[in-house]
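Undergrad: In the working numbering, the protein residues as written are 158 to 245.
Just so you know, even glycine gets a beta-carbon here, dropped at the ideal spot from N, CA and C.
If you scroll down you'll find the structure; I have some questions about it.
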């Protein structure tokens with residue numbers, strides 16, 4: 158909590174390296190776990206006003222906050238890719 162104490166905004170550009178170990182190795186949920194820890198640290202620091210957390214995203218990741226229509230075929234293809242390709 159000390160690292161984020163007094164911060165209004167926290168930005169993260171964390172991601173896996175684009176090599177064999179980075180794509181297929183551990184930790185598999187690097188960004189998820191780091192985000193969880195940062196959010197917990199922000200909460201533990203008890204900021205006076207809500208803090209912002211900015212996460213750099215990839216263009217290939219769908220924004221669930223937008224009401225974008227996704228076809229059945231697209232959902233199947235994305236599901237198949239998620240099943241066959243490790244996180245990167």
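Please classify residue 180 as buried or exposed, where buried requires at least 16 neighbouring CB atoms within 10 angstroms.
TA: One-based indexing of the chain shown puts residue 180 at position 23. Residue 180 comes out exposed.
Undergrad: Per DSSP, what are the beta-bridge partners of residue 181 in this structure?
TA: As a first step, residue 181 must be located in the chain shown, where it is residue number 24. None; residue 181 has no bridge partner.
Undergrad: Using only CA atoms, which one of 224, 226, 185 lies nearest to residue 174?
TA: Against the chain shown, residue 174 aligns to sequence position 17. The shortest Cα separation from residue 174 among 224, 226, 185 belongs to 185.
Undergrad: State the Cα-Cα distance for the pair residue 234 and residue 161, rounded to the nearest angstrom.
TA: Taking the chain shown and counting its residues from 1, the one referred to as residue 234 is at position 77. Taking the chain shown and counting its residues from 1, the one referred to as residue 161 is at position 4. Those two C-alpha atoms are separated by around 39 Å.
Undergrad: May I ask you to report which of helix, strand or coil DSSP gives residue 208?
TA: Along the chain shown, read from residue 1 onward, the residue named residue 208 stands at position 51. Coil, per DSSP.
Undergrad: Would you tell me roughly how many angstroms separate the C-alpha atoms of residue 241 and residue 205, rounded to the nearest one?
TA: Translated into positions along the chain shown, residue 241 becomes position 84. Translated into positions along the chain shown, residue 205 becomes position 48. Computed Cα separation, rounded: 45 Å.
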